[in-house]
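When the letters of the sequence shown are read in order and numbered with full-length UniProt numbering, they come out as residues 1 to 159.
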Amino acid sequence: MQVKSRHHLRSDAVSDLEDTLAAQLGVSPDGDTYERVEFENTDWEVILIDGEPQVAHFDEEPFLTVRGANAYEPDQRLVTVDAGAISFVSDGADVMRPGITTATEDISPGDLVIIAEETHGKVLAVGRASVEGTEMVGDEGKVVESLHHVGDDLYEFAG
1 MQVKSRHHLR SDAVSDLEDT LAAQLGVSPD GDTYERVEFE NTDWEVILID
51 GEPQVAHFDE EPFLTVRGAN AYEPDQRLVT VDAGAISFVS DGADVMRPGI
101 TTATEDISPG DLVIIAEETH GKVLAVGRAS VEGTEMVGDE GKVVESLHHV
151 GDDLYEFAG
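Right, dumping it as structure tokens:
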């Protein structure tokens, strides 16, 4: 990924970002430096917090990256998958109901969500929910569209 531009965020933009992440996910990033990175030929914008790509904009909405979610361990907008789903989700597959063990009740259709595995709680992906959190566990159907996952270009980007 070719970097198009990078610049430090103003303090008001940092405050807005921190407020958004606290409201969405119940996390409080606390970095010394916040830097926005834009790329050539992609819609991704990444926010580096102390040099680590911890926040990205998905459809212009800021949300934790896989690295950010593993660093801050959110407990809201969280979808947990079983061991059988790990390889699929890690490869960028959408999340299907049979692989989900739990989902937080604060999820609404269209929300960005964190996808973690149940054994160690490690975050595997970020996706967009298509149903309520209370309707995610079941026998069939795709319920989360994968947007970013372990091993993709965004995950591999090093500030």
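In this text, a Cβ means the ideal position worked out from N, Cα and C, and glycines have one as well.
Boundaries of the beta strand (DSSP E) harbouring G127: 123-129, taken from the DSSP string. An exposed status is given to T33, since fewer than 16 other beta-carbon atoms sit within 10 Å of its beta-carbon. In this structure, I114 sits away from A83, with a CB-CB distance that is not shorter than 8 Å. In terms of Cα proximity to P62, the closest of W44, D153, D50, P74 is W44. Each residue's CA atom was taken as its position, placing E38 and G121 some 30 Å apart.
Distance from the Cα of V79 is smallest, within the candidate group E40, A71, D106, A23, for D106. Secondary-structure assignment with DSSP links S5 through a beta bridge to E38. Look at the UniProt domain "PUA" (77-151) and you find these whole runs of alpha helix (DSSP H), each 4 residues long or longer: 86-90. Distances from the alpha-carbon of E118 to those of A85, Y155, E40 put A85 closest.
Taken atom to atom, the span from the alpha-carbon of F88 to that of V150 is near 11 Å. With a cutoff of 8 Å on beta-carbon distance, D111 and A125 are scored as not near each other. The continuous alpha helix (DSSP H) containing A69 extends over residues 66-72. It is roughly 9 Å from the alpha-carbon of E132 to the alpha-carbon of V143. If you check the CB distance, G138 and V95 do not come in under 8 Å. In terms of CA proximity to G26, Y72 leads the group Y72, R36, A13. Here V27 carries a coil assignment [DSSP, helix/strand/coil]. Taking every protein chain shown into account, the CB of G99 has 16 or more other CB atoms within 10 angstroms, so this residue is buried.
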